[in-house]
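Q: Numbering (the numbering used here), first residue to last: 78 to 182. All C-beta atoms in this analysis are idealised placements derived from N, C-alpha and C, irrespective of residue type, glycine included. From a predicted model like this one, the values you see are computed outputs, not experimental measurements. The structure that follows is given in the form of structure tokens.
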């Protein structure tokens, strides 16, 4: 895929996820513009920093490192990705999952 097509696909994925989250959370979610140039996250909702990927070939380690580098202490770095014909999935650091489970259980 060419650079332009790849960027367009990425932007479409960000819009798709933002729309889904807006519907589910009940308030508007917008993607950040210029984040690829700045090396930051694609969407931020409170303490949750989302790196959004729509790819067939997964590079989870690279993506996790990217969002972790962009996150500040106390924020949740989350990789959200989807392959063609598959549901959205999220990857979070295990210590944050354990923390959330402790608070919930």
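Which two residues bound the contiguous alpha helix (DSSP H) that contains residue 171?
A: On the chain shown, position 94 is the one that residue 171 refers to. Segment 171-181, the alpha helix (DSSP H) holding residue 171.
Q: Near residue 95, which residues of its chain fall below 8 Å by C-beta distance, leaving aside the five closest residues on each side in sequence?
A: Residue mapping note: residue 95 aligns to position 18 of the chain shown, counting from 1. Within the same chain, residue 95 has close Cβ partners 106, 107, 108 and 120.
Q: CB residue 86 to CB residue 131, shorter than 8 Å?
A: Within the chain shown, residue 86 is the residue found at index 9, counting from 1. Within the chain shown, residue 131 is the residue found at index 54, counting from 1. Yes; because the gap between Cβ atoms is below 8 Å, this pair is in contact.
Q: Under the rule that 16 or more other beta-carbon atoms within 10 Å means buried, what is residue 83, buried or exposed?
A: Here the question's residue 83 lines up with position 6 in the chain shown. Counting Cβ neighbours within 10 Å, residue 83 comes out exposed, since fewer than 16 surround it.
Q: Given a threshold of 16 other Cβ atoms within 10 Å of its Cβ, counted over all protein chains shown, does residue 127 qualify as buried or as exposed?
A: The residue you call residue 127 lines up with position 50 of the chain shown. Residue 127 should be labelled buried.
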